[in-house]
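K.L.:
In the numbering used here, the protein residues as written are 50 to 361.
#1: Does DSSP put residue 246 in a helix, a strand or coil?
#2: If you count every other CB in all the chains shown that lies within 10 Å of the CB of residue 101, and 16 or more means buried, which is it?
#3: How many whole angstroms separate the CB atoms of residue 234 and residue 120, which I take to be in contact at a CB cut-off of 8 angstroms?
#4: Please state whether the Cβ-Cβ distance between residue 10 and residue 243 is less than 8 angstroms.
#5: Do the region 128-148 and the region 163-174 meet, that is, are 3 or more Cβ pairs less than 8 angstroms apart?
#6: Indicate whether residue 309 and residue 163 have their beta-carbon atoms separated by less than 8 angstroms.
#7: Taking C-beta to C-beta, are residue 153 and residue 86 nearer than 8 angstroms?
#8: Name the two residues that bound the continuous beta strand (DSSP E) containing residue 255.
#9: Quick one: using the 10 Å Cβ neighbour count with 16 as the cut-off for buried, is residue 96 buried or exposed?
#10: If contacts are defined as beta-carbon pairs under 8 angstroms, then residue 346 and residue 81 qualify, I think. What distance do you get, rounded to the angstrom?
#11: Provide the residue span of the beta strand (DSSP E) that contains residue 91, from first to last.
#12: Flag this pair as yes or no: are the beta carbons of residue 270 and residue 353 separated by less than 8 angstroms?
#13: Should residue 341 be labelled buried (16 or more other beta-carbon atoms within 10 Å of its own) or exposed?
#14: Please report the residue range of the beta strand (DSSP E) in which residue 236 lies.
#15: Tell me which residues share the same chain as residue 236 and place their Cβ nearer than 7 angstroms to its Cβ, disregarding the 5 neighbours each side in the sequence.
#16: Quick check on the burial criterion: 16 or more other C-beta atoms within 10 angstroms. Buried or exposed for residue 262?
#17: If you measure between the beta carbons of residue 131 and residue 90, is that distance less than 8 angstroms?
#18: Report the three-state DSSP secondary structure of residue 66 (helix, strand or coil).
#19: Between residue 331 and residue 105, how many whole angstroms is the CB-CB distance? I'm expecting something under 8 angstroms.
#20: Select from 188, 204, 238 and 66 the residue whose C-alpha is nearest the C-alpha of residue 251.
#21: Quick one: Cα of residue 222 to Cα of residue 103, how far?
#22: Run through DSSP, which three-state label would residue 118 get?
#23: Within 10 angstroms of its Cβ, does residue 134 collect 16 or more other Cβ (buried), or is it exposed?
#24: Quick check on the DSSP output: the alpha helix (DSSP H) that includes residue 180 runs from which residue to which?
#25: Using the beta-carbon count (16 or more within 10 Å), is residue 53 buried or exposed?
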């Protein structure tokens with residue numbers, strides 16, 4: 050591979066059509082990252098895992114155990130819901146990484162769907178990070194899941210009403226959630242107009258829902274600039290974004306660039322790295338070797354992909 054760029058020559062990497070060779074290499078690195086994530090996060094020895102007493106997970110359980118019943122049980126239930134939600138969104142994210150692997154191998158090659166799939170992977174990871182964020186105390190963590198839970202209940206109510214359910218039936222989940230949060234002694238926070246804006250537990254509070262754009266900027270790796278705006282442009286069918294594929298095809302159909310594949314793959318790799326780091330920190334599992342391997346293989350893939358895309 051010739052890595053010398055002629056003086057004065059402007060080079061725009063990956064502004065070439067997607068090739069089967071590049072698609073195969075991209076799918077392979079995504080599969081490799083999923084396997085590495087599984088190796089990092091799989092509990093091989095439950096007894097050894099149970100001996101980890103200095104994790105945030107153990108500390109928060111101990112903190113909850115200091116409460117008196119029935120509050121202790123109610124908050125343990127809410128904490129368990131938080132853990133289940135973080136696990137669910139993580140699994141959904143990795144499932145979309147797997148879907149992206151297959152999407153890349155389609156013939157003719159995909160155009161914008163890789164970015165859309167990578168967005169789902171990124172959002173799932175960010176939801177997990179929002180709930181397991183190692184930098185926040187337990188009560189703020191509980192406030193975050195309380196807000197998300199109630200927001201989901203409102204969505205469920207609206208869906209029920211849209212499908213013709215009676216108001217009482219459509220609102221069953223919302224009523225259940227509101228009652229459960231009262232039993233947890235979650236304090237409602239209202240704005241000046243009286244609208245519910247979030248919940249407080251003690252001195253800690255959180256809004257009703259996550260701000261995805263802000264969270265992506267905080268949670269995703271620093272080597273990945275502005276990934277959410279890029280994926281949103283594709284997911285929302287913005288003409289400024291998707292029109293380029295038609296221009297490249299000379300007005301005949303759509304043609305995808307290697308740049309699209311690379312952006313989707315890098316975003317997905319960044320998402321996998323993030324979720325491994327967050328779960329590792331929260332449960333005090335040493336994932337440093339796995340993260341080092343991911344970094345090394347990510348960089349190696351990038352150089353390999355440049356050579357494939359530009360025939361060097």
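Note that CB positions come from ideal geometry on N, CA and C, so glycine has one too. This structure is a prediction, so every number in the text was calculated from the model and none was measured.
P.N.:
In brief:
#1: The sequence position of residue 246 within the chain shown is 197, counting from 1. Correct three-state label for residue 246: strand.
#2: In the chain shown, residue 101 corresponds to position 52, counting from 1. Around the beta carbon of residue 101, fewer than 16 other beta carbons lie within 10 angstroms, which makes this residue exposed.
#3: As a working note, residue 234 is residue 185 in the chain shown. As a working note, residue 120 is residue 71 in the chain shown. The C-beta distance from residue 234 to residue 120 rounds to 6 angstroms, short enough to fall under 8 angstroms.
#4: With the chain covering only 50 through 361, there is no way to say anything about residue 10.
#5: Enough Cβ pairs lie closer than 8 angstroms, so yes.
#6: Taking the first residue of the chain shown as 1, we reach residue 309 at position 260. Taking the first residue of the chain shown as 1, we reach residue 163 at position 114. Result yes, Cβ atoms of residue 309 and residue 163 sit closer than 8 angstroms.
#7: As a working note, residue 153 is residue 104 in the chain shown. As a working note, residue 86 is residue 37 in the chain shown. Going by C-beta atoms, residue 153 is not nearer than 8 angstroms to residue 86.
#8: Position 206 of the chain shown, counting from 1, holds the residue named residue 255. In this chain, the beta strand (DSSP E) harbouring residue 255 covers 253-256.
#9: As a first step, residue 96 is located in the chain shown; it is residue number 47 there, counting from the start. Flag for residue 96 reads exposed.
#10: To locate residue 346, count along the chain shown from 1; it is residue 297. To locate residue 81, count along the chain shown from 1; it is residue 32. Correct: roughly 6 angstroms between the Cβ atoms.
#11: In the chain shown, residue 91 corresponds to position 42, counting from 1. Unbroken run through residue 91: none, as it is neither H nor E.
#12: Against the chain shown, residue 270 aligns to sequence position 221. Against the chain shown, residue 353 aligns to sequence position 304. Cβ atoms of residue 270 and residue 353: not closer than 8 angstroms.
#13: Start at 1 with the first residue of the chain shown, and residue 341 comes out as number 292. Flag for residue 341 reads exposed.
#14: Along the chain shown, one-based indexing puts residue 236 at 187. For residue 236, the enclosing beta strand (DSSP E) has its first and last residue at 236-239.
#15: Taking the first residue of the chain shown as 1, we reach residue 236 at position 187. Excluding positions up to five away in sequence, the list reads 248 and 249.
#16: By one-based count along the chain shown, residue 262 stands at place 213. That one is exposed.
#17: By 1-based counting over the chain shown, the position of residue 131 is 82. By 1-based counting over the chain shown, the position of residue 90 is 41. Not a contact, by the Cβ cut-off of 8 angstroms.
#18: On the chain shown, position 17 is the one that residue 66 refers to. It is a strand residue.
#19: Walking along the chain shown from the start, residue 331 turns up at place 282. Walking along the chain shown from the start, residue 105 turns up at place 56. With 8 angstroms as the limit, residue 331 and residue 105 qualify as a contact, their Cβ atoms being about 5 angstroms apart.
#20: Residue mapping note: residue 251 aligns to position 202 of the chain shown, counting from 1. With distances taken between Cα atoms, residue 251 lies closest to 188.
#21: The sequence position of residue 222 within the chain shown is 173, counting from 1. The sequence position of residue 103 within the chain shown is 54, counting from 1. Residue 222 and residue 103 have their C-alpha atoms roughly 36 angstroms apart.
#22: In the chain shown, the residue the question calls residue 118 occupies position 69. In the structure shown, residue 118 sits in coil (DSSP, three-state: anything other than H, G, I, E or B).
#23: Counted from its first residue, the chain shown places residue 134 at position 85. Buried is the call here.
#24: Position 131 of the chain shown, counting from 1, holds the residue named residue 180. Per DSSP, residue 180 belongs to the alpha helix (DSSP H) from 162-181.
#25: What you label residue 53 is simply residue 4 of the chain shown in a count that begins at 1. Here residue 53 scores only 47 on pLDDT, less than 50, and its place in the model should not be relied on; the value that follows carries that caveat. Burial call: exposed.
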